[in-house]
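Take 0 as the starting number for the sequence shown in this note's numbering and just add one per residue.
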Amino acid sequence: MAHRPYLITNIQEISKYITLTESEKNALLGNPSPPFSVTEYYAGLMEATLDCPIRRQCIPTTAEKSVCTYEFSDPLFEKNYKPAPRLVHRYPNRVLLLASQRCAVYCRHCFRRYFTDSNIQGISDSDLSQAVKYIKKDPRIQEVLISGGDPLMLHEAKLKTILTAIGKARDDIIIRIGTRVPVVFPSRVKEMINTLTSAPRPVWIVTQFNHPKEITPESSEAIDLLIKNSIPVLNQSVLLQDINDSVSTLAELCQGLVSIKVKPYYIFQGDLAAGTSHFRVPIQKTLRLQQQLRREVSGIAMPEFAVDLPDGGGKIPLTHGFIQKIRENEIVCRSQEGIEYTYPNEGENK
Ligand SMILES: *Cc1c(COP(=O)(O)O)cnc(C)c1O
Ligand code: SF4
């Protein structure tokens, strides 16, 4: 398939924006080569410096090849919770539909890399109808999260089919779409707005701003378009080492989000995805940032700090009841179901 002109997918094109380091070149030319795509818009936000928060989120380096013993390609064990081909049912009242394998920008910290870029087609009609059948059968399900990949990178007609099928599965269903498109490809929101408003049931959008530099006139305008069309927008950030792991950056990000009417929803401790240890913030530091941030921002600007436990333990807030012990090498957590799980304590001197 021919690439759209606004997606940069190779070394030659990205070299027009920045001078690549040896590590970045080696990573891009690697075999197998990593999933790579950046929009012209997002590349245009990059600065020449190596520590640019935009550059570090989208340009691969050879650090991705270092895999720790406790990292996995599917860190949340989603494969264990699949009642239908594209459906993950981990929590009783909500399911996750993996609708798209494609993203505008492949985030270097992404945990769903085992899934993205393997095939650009999106969910098939038969997988969609199996998912709908499952949702119809289980009355506990109140909400369907459509994710992937990025659902707003699907063809309009495909997304419309999905929204219609899910929206009609039950007359009380709520739809949540997880997408980075408002942040990395804001002009696409305008192309998709009619599809989004055509859904027969309420649609909420959860996006992913990770740094205040991503709040630009373009991304703010994309958010505004969603809100003017009665689509509420929430934000999930990932804590990323040397990108947003300071209280001043997080405060600016959360305050900036509230000013564009986006509610900061979660801040996630990095998942144990293969080749992402260079992005992970030591958990002790995360706990400290949480305390400090609450002193800096109001309640509406304060996201919930959370971790998705390895081995399918599920999401927990990083609060006292859930964190049981902090040991030298690991922290012991209690899942929502009351089961103990451990998360590595990577220390602050790595
Ligand atoms: C994160 C997640 C959800 C949604 O959880 P919320 O706490 O409601 O945001 C649902 N299903 C799966 C599999 C998830 O990973
Ligand atoms: S947009 Fe989401 S699914 Fe796609 S690479 Fe980024 S974090 Fe992963």
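Just so you know, even glycine gets a beta-carbon here, dropped at the ideal spot from N, CA and C. Remember, predicted model here, so these are calculated numbers, not experimental data.
Three-state secondary structure (DSSP) of residue i
{"i": "E303", "result": "strand"}
{"i": "N25", "result": "helix"}
{"i": "Y90", "result": "strand"}
{"i": "Q289", "result": "helix"}
{"i": "I122", "result": "coil"}
{"i": "L238", "result": "coil"}
{"i": "Q268", "result": "coil"}
{"i": "P185", "result": "coil"}
{"i": "Y80", "result": "helix"}
{"i": "E190", "result": "helix"}
{"i": "R333", "result": "strand"}
{"i": "P309", "result": "helix"}
{"i": "I174", "result": "strand"}
{"i": "V246", "result": "helix"}
{"i": "E63", "result": "helix"}
{"i": "P199", "result": "coil"}
{"i": "Q323", "result": "strand"}
{"i": "P216", "result": "helix"}
{"i": "K15", "result": "coil"}
{"i": "L49", "result": "coil"}
{"i": "G346", "result": "coil"}
{"i": "I282", "result": "helix"}
{"i": "V205", "result": "strand"}
{"i": "M0", "result": "With a pLDDT of 45 at M0, under the threshold of 50, the modelled position of this residue cannot be trusted, and the question is left open."}
{"i": "V104", "result": "coil"}
Cα-Cα separation between residue i and residue j, rounded to whole angstroms
{"i": "K260", "j": "M301", "result": "13 Å"}
{"i": "N209", "j": "L238", "result": "8 Å"}
{"i": "H319", "j": "V188", "result": "39 Å"}
{"i": "R175", "j": "W203", "result": "5 Å"}
{"i": "E303", "j": "G274", "result": "25 Å"}
{"i": "L292", "j": "P201", "result": "32 Å"}
{"i": "D307", "j": "H108", "result": "14 Å"}
{"i": "A198", "j": "N79", "result": "30 Å"}
{"i": "L233", "j": "P181", "result": "11 Å"}
{"i": "A156", "j": "T194", "result": "8 Å"}
{"i": "P231", "j": "S297", "result": "20 Å"}
{"i": "Y5", "j": "I330", "result": "44 Å"}
{"i": "Y105", "j": "P34", "result": "6 Å"}
{"i": "L44", "j": "N30", "result": "28 Å"}
{"i": "E217", "j": "V131", "result": "35 Å"}
{"i": "I140", "j": "P82", "result": "13 Å"}
{"i": "H2", "j": "R169", "result": "For H2, the predicted structure reports a pLDDT of 48, less than 50, and the residue's modelled location is therefore unreliable. The matter cannot be settled from this model."}
{"i": "N25", "j": "I17", "result": "15 Å"}
{"i": "K159", "j": "E142", "result": "18 Å"}
{"i": "N328", "j": "Y265", "result": "25 Å"}
Near ligand 2: residue i beta-carbon under 8 Å from a heavy atom
{"i": "R179", "result": "yes"}
{"i": "Y264", "result": "no"}
{"i": "D73", "result": "no"}
{"i": "V183", "result": "yes"}
{"i": "S146", "result": "yes"}
{"i": "Q207", "result": "yes"}
{"i": "H210", "result": "no"}
{"i": "Y105", "result": "yes"}
{"i": "D149", "result": "yes"}
{"i": "H108", "result": "yes"}
{"i": "C102", "result": "yes"}
Anticipated Cβ contact below 8 Å, residue i with residue j, distance rounded
{"i": "F278", "j": "Q235", "result": "Not confirmed; about 15 Å, so no contact."}
{"i": "C102", "j": "R55", "result": "Actually they do not touch by this definition, with Cβ atoms about 17 Å apart."}
{"i": "S186", "j": "Y41", "result": "Rounded, the Cβ-Cβ distance is 11 Å, inconsistent with contact."}
{"i": "I58", "j": "S36", "result": "That pair is no contact at about 11 Å."}
{"i": "P74", "j": "L317", "result": "Contact doesn't hold; Cβ gap of about 17 Å is too wide."}
{"i": "I161", "j": "I172", "result": "Actually they are not in contact, since the Cβ atoms of I161 and I172 sit about 13 Å apart, beyond 8 Å."}
{"i": "V257", "j": "I299", "result": "6 Å"}
{"i": "S146", "j": "G177", "result": "4 Å"}
{"i": "V183", "j": "T38", "result": "6 Å"}
beta-carbon residue i near ligand 1 non-hydrogen atom, thresh 8 Å
{"i": "K314", "result": "yes"}
{"i": "D310", "result": "no"}
{"i": "V94", "result": "yes"}
{"i": "Y80", "result": "yes"}
{"i": "Y133", "result": "no"}
{"i": "R89", "result": "yes"}
{"i": "D307", "result": "yes"}
{"i": "E336", "result": "no"}
{"i": "E21", "result": "no"}
{"i": "E213", "result": "no"}
{"i": "E63", "result": "no"}
{"i": "E155", "result": "no"}
Under 8 Å: do the segment 319-331 and the segment 82-90 share three or more Cβ pairs, one atom per stretch? As far as the Cβ criterion goes, the segment 319-331 does not touch the segment 82-90, which means the pair count is below three.
Is it the case that the segment 249-258 contacts the segment 223-231, given that we only count it when at least three CB pairs across the two stretches are under 8 Å? Because the criterion of three Cβ pairs below 8 Å is not met, the segment 223-231 and the segment 249-258 do not touch.
Taking one C-beta from the segment 123-130 and one from the segment 62-75 each time, how about it: are there three or more such pairs within less than 8 Å? With the cut-off at 8 Å, the segment 123-130 and the segment 62-75 do not touch.
Count Cβ pairs between the segment 281-290 and the segment 69-79 that sit closer than 8 Å; are there 3 or more? Put simply, the segment 281-290 does not touch the segment 69-79. Fewer than three CB pairs are less than 8 Å apart.
Taking one C-beta from the segment 89-102 and one from the segment 44-51 each time, how about it: are there three or more such pairs within less than 8 Å? Touching, no, given that fewer than three Cβ pairs across the two stretches are closer than 8 Å.
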